[in-house]
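Protein sequence lines, in the order shown, are assigned to chains A and B. Residues in the first sequence are numbered from 74 upward in steps of one, following the numbering used here. Residues in the second sequence are numbered from 18 upward in steps of one, following the numbering used here. The C-beta atom is built at its ideal place from N, Cα and C for all residues, glycine as well. Presented below is the structure to which this report refers.
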Amino acid sequence: MLRKIIVAAFIMICFILQCSVFTSLAFAGIVPNLLIVLTSSFGFMRGEKEGLVIGFFCGLLNDIFFGGFLGFYALLMMYIGYLNGKFCKIFYPEDIKLPLALIVISDLSYGIICYVLTFMLRGRFHFSYYFTHIILPEVLYTILITLLLYPLILKVNEKLEKRENV
Amino acid sequence: MSPVIKKKGERFTLPSKYLLFILTLLCTAMMLVTFGTDAFDKPLNTVVGYIIVPFQRGIEKAGSWLSDRSDEFGQVKDLLEENARLKEELAALTEENTLLQQDKYELNELRALFAMDEQYGEYNKVGARIIGRDTGNWYSTFIIDKGENEGLSVDMNVIAEGGLVGRITSVGPTWAKVTSVISDNSSVSGMTLSTGDNLMVLGDLKLMATGCITFSQLLDGKNAVKEGDKVVTSDISDKYLPNILIGYISSINKDPNNLTKSGLLVPAVDFEHLGEVLVITDLKQAVTE
């Protein structure tokens, strides 16, 4: 129960920070993707199920506020959480390389899928421009934020796991 | 044995692939339903309106308080200079205003003569504050702190600083989503003020950093449209009220078909530093068949 409340609080805080504070801190108009960091870290820390549920709710929140129709971001984020959960077995808390790599891959694929489904299908074919000006800066900024946010998520998760195992 | 069957003394848990499958179906169903209708909009918009929007408001308030304080410290000198400049400008404007007042008097007389109603009276407006911006980097939408409770509804036009910002595309009880004209998926039917030629104004993500948007399908057979001309919303637009300033033409190119022209437009509104907007609560008159 405590875990559910804390995770819900995490999702809300990340979403609110992303759409208010980080849009004012944007470098060259680019906002980092906190929700991806949250979804994939819970995915590889806790497994497929938690990853997909958290991804679903993060995406749904995005859909309601900023999506054109419901379900698109929810579906995308859910699969990202689920696939990250596949790496739960080779995850060790001491190792930062795997989480970083996974978050980078997640954000990259999120950006590319968003581009293909919502831009390329509308006839915006200039992929290299969008890749270097939107997707790549977002990934870089997200890595920067990961270095701050991920240790916090890890610590909170460890505390929760300790509590649950007592 | 199926993994879903419950064993004795074990808590029932759904394996993740089944959950994934169920939620995928749910998402697909939601997409299909909400693509055409807005069946889920009302309950979901209401729920998030009570959970998320209060926090967004709080953060926005704190943020604007902080930036106000820092502005106060940094800009006293600037303000003094600006004050002196503005006083000069005020004198000039007062003079201009008297002249315009005379013109207006004359215009009213003439209008009365033609028994014409004032064509575009003042629209009813409601002020609102921006409390959240798009979490992604692809589109340019934002959340304002007023919604259905204040009488807003979908398709109402949003303006700021005398120019068009966009229109409301989704509304909850205490909040509304505004899609701006610079958003990549936005298109507005406009016309040039000087010649009355129609054109389409389209948002473009590629040009967002330069602060421009594009226009296309301008006919202009007489080559009368020049750079710097004002572009306003057209009479034939079905979502936007007529004669709201969109921006100024900054470059014109002839299309390869030699018939139409396209080019760039500088919006009248500074979208980077937008804090408050005005929502016009009059809707464009819809033609019902």
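Environment of residue i [buried if 16+ CB atoms lie within 10 Å]
{"i": "Gln73 of chain B", "result": "buried"}
{"i": "Gly120 of chain A", "result": "buried"}
{"i": "Ile103 of chain A", "result": "buried"}
{"i": "Ala285 of chain B", "result": "buried"}
{"i": "Lys104 of chain B", "result": "exposed"}
{"i": "Gly144 of chain A", "result": "buried"}
{"i": "Arg86 of chain B", "result": "exposed"}
{"i": "Met118 of chain A", "result": "buried"}
{"i": "Thr209 of chain B", "result": "buried"}
{"i": "Met47 of chain B", "result": "buried"}
{"i": "Ser84 of chain B", "result": "exposed"}
{"i": "Arg150 of chain B", "result": "buried"}
{"i": "Asn166 of chain B", "result": "exposed"}
{"i": "Leu216 of chain B", "result": "buried"}
Chain-order list of residues whose beta-carbon lies under 6 Å from that of residue i (same chain, five-residue window excluded)
{"i": "Thr54 of chain B", "result": "none"}
{"i": "Met150 of chain A", "result": "Thr112, Gly128, Cys131 and Gly132"}
{"i": "Arg146 of chain B", "result": "Asp162 and Glu293"}
{"i": "Tyr146 of chain A", "result": "Gly132, Asn135, Asp136 and Gly140"}
{"i": "Asp101 of chain B", "result": "The question names Asp, yet the displayed sequence has Ala at residue 101 of chain B. Nothing listed; no residue qualifies."}
{"i": "Ile269 of chain B", "result": "Lys278 and Gly280"}
C-alpha gap between residue i and residue j, whole angstroms
{"i": "Asn294 of chain A", "j": "Thr152 of chain B", "result": "Residue 294 of chain A cannot be examined here, being either before or after the span of chain A that is shown, 74 to 239."}
{"i": "Arg184 of chain B", "j": "Glu234 of chain A", "result": "47 Å"}
{"i": "Gly280 of chain B", "j": "Val171 of chain B", "result": "30 Å"}
{"i": "Glu77 of chain B", "j": "Lys121 of chain B", "result": "41 Å"}
{"i": "Ser251 of chain B", "j": "Ser114 of chain A", "result": "50 Å"}
{"i": "Thr205 of chain A", "j": "Leu222 of chain B", "result": "13 Å"}
{"i": "Tyr137 of chain B", "j": "Gly132 of chain A", "result": "Since pLDDT at Tyr137 of chain B reaches only 45, below the 50 mark, its modelled position is unreliable, and the value read off the structure follows with that caveat. Their backbone Cα atoms lie some 43 Å apart in a straight line."}
{"i": "Pro166 of chain A", "j": "Leu227 of chain A", "result": "7 Å"}
{"i": "Val242 of chain B", "j": "Thr277 of chain B", "result": "12 Å"}
{"i": "Ile79 of chain A", "j": "Asp272 of chain B", "result": "57 Å"}
{"i": "Ser211 of chain B", "j": "Gln119 of chain B", "result": "23 Å"}
{"i": "Leu127 of chain B", "j": "Ser203 of chain B", "result": "39 Å"}
{"i": "Ala56 of chain B", "j": "Lys256 of chain B", "result": "22 Å"}
{"i": "Asn275 of chain B", "j": "Leu225 of chain A", "result": "60 Å"}
{"i": "Thr96 of chain A", "j": "Ile148 of chain B", "result": "11 Å"}
{"i": "Ile178 of chain A", "j": "Leu213 of chain A", "result": "12 Å"}
{"i": "Glu113 of chain B", "j": "Leu190 of chain A", "result": "53 Å"}
{"i": "Val229 of chain A", "j": "Leu75 of chain A", "result": "11 Å"}
{"i": "Thr115 of chain B", "j": "Ala108 of chain B", "result": "11 Å"}
{"i": "Ser201 of chain A", "j": "Asp95 of chain B", "result": "42 Å"}
{"i": "Leu49 of chain B", "j": "Lys239 of chain B", "result": "47 Å"}
{"i": "His290 of chain B", "j": "Pro71 of chain B", "result": "22 Å"}
{"i": "Glu89 of chain B", "j": "Lys142 of chain B", "result": "29 Å"}
Neighbourhood of residue i by C-beta, 8 Å cutoff - its chain only, sequence neighbours within 5 removed
{"i": "Leu282 of chain B", "result": "Val218, Cys229, Ile230, Thr231, Phe232, Val248, Ile263, Gly264, Tyr265, Ile266 and Ser267"}
{"i": "Gly66 of chain B", "result": "Gly164, Gly189, Pro190, Thr191 and Trp192"}
{"i": "Thr30 of chain B", "result": "none"}
{"i": "Leu125 of chain A", "result": "Gly116, Met151, Tyr152, Gly154, Tyr155 and Gly158"}
{"i": "Tyr203 of chain A", "result": "Tyr188, Phe192 and Arg197"}
{"i": "Ile186 of chain A", "result": "Leu149"}
{"i": "Phe164 of chain A", "result": "Phe117, Met118, Leu171 and Pro172"}
Best match in the options for proximity to residue i [C-alpha to C-alpha]
{"i": "Gly207 of chain B", "options": "B:Gln302, B:Ala46 and B:Pro259", "result": "B:Pro259"}
{"i": "Pro172 of chain A", "options": "A:Thr205, A:Thr219, A:Gly184 and A:Phe129", "result": "A:Thr219"}
{"i": "Leu222 of chain A", "options": "A:Ile86, A:Gly120 and A:Leu75", "result": "A:Ile86"}
{"i": "Val205 of chain B", "options": "B:Glu105, B:Ser254 and B:Leu96", "result": "B:Ser254"}
{"i": "Ile122 of chain A", "options": "B:Asn202, B:Ile297 and B:Lys34", "result": "What sits at residue 122 of chain A in the sequence shown is Lys, not Ile. Ranking B:Asn202, B:Ile297 and B:Lys34 by Cα distance to Lys122 of chain A puts B:Lys34 first."}
{"i": "Gly80 of chain B", "options": "A:Gly144, A:Ile178, A:Ser93 and A:Leu209", "result": "A:Ser93"}
{"i": "Ile207 of chain A", "options": "A:Ile84, A:Phe160, A:Phe100 and A:Phe139", "result": "A:Phe100"}
{"i": "Asn62 of chain B", "options": "B:Glu112, B:Thr115 and B:Lys194", "result": "B:Lys194"}
{"i": "Ile176 of chain A", "options": "A:His199, A:Ala81, A:Cys161 and A:Thr215", "result": "A:Thr215"}
{"i": "Phe88 of chain A", "options": "B:Leu49, B:Ile69, B:Leu124 and B:Leu42", "result": "B:Ile69"}
{"i": "Phe241 of chain A", "options": "B:Glu89, B:Val64 and B:Asp95", "result": "Nothing about residue 241 of chain A can be read from this structure; chain A reaches only from 74 to 239."}
Pair within 8 Å by beta-carbon distance, residue i and residue j
{"i": "Leu236 of chain B", "j": "Asp214 of chain B", "result": "yes"}
{"i": "Ile199 of chain B", "j": "Met225 of chain B", "result": "yes"}
{"i": "Gly154 of chain A", "j": "Gly196 of chain A", "result": "no"}
{"i": "Asp180 of chain A", "j": "Ile109 of chain A", "result": "yes"}
{"i": "Leu148 of chain A", "j": "Cys44 of chain B", "result": "yes"}
{"i": "Asn106 of chain A", "j": "Tyr183 of chain A", "result": "yes"}
{"i": "Ile295 of chain B", "j": "Ile160 of chain B", "result": "A small correction: the amino acid at residue 295 of chain B is Leu; Ile does not occupy that position in the sequence shown. Result no, Cβ atoms of Leu295 of chain B and Ile160 of chain B do not sit closer than 8 Å."}
{"i": "Ser237 of chain A", "j": "Asn154 of chain B", "result": "Inspection of the sequence shows that residue 237 of chain A is occupied by Glu rather than by Ser. No, Cβ-Cβ distance for Glu237 of chain A and Asn154 of chain B is not below 8 Å."}
{"i": "Gly168 of chain B", "j": "Thr298 of chain B", "result": "yes"}
{"i": "Phe142 of chain A", "j": "Phe52 of chain B", "result": "yes"}
{"i": "Thr158 of chain B", "j": "Thr196 of chain B", "result": "yes"}
{"i": "Asp287 of chain B", "j": "Ser187 of chain B", "result": "no"}
Same chain, Cβ closer than 7 Å to residue i, five either side skipped, listed in chain order
{"i": "Leu300 of chain B", "result": "Asp172 and Met173"}
{"i": "Gly245 of chain B", "result": "Tyr265 and Ile266"}
{"i": "Tyr156 of chain B", "result": "Ser200, Asp201 and Asn202"}
{"i": "Tyr144 of chain B", "result": "According to the sequence provided, residue 144 of chain B is Gly. The question's Tyr does not apply to it. These residues qualify, in order along the chain: Glu293 and Leu295."}
Near the ligand GDP: residue i beta-carbon under 7 Å from a heavy atom
{"i": "Ile109 of chain A", "result": "Looking at this structure, you won't find the ligand GDP or any other ligand, since it has none at all."}
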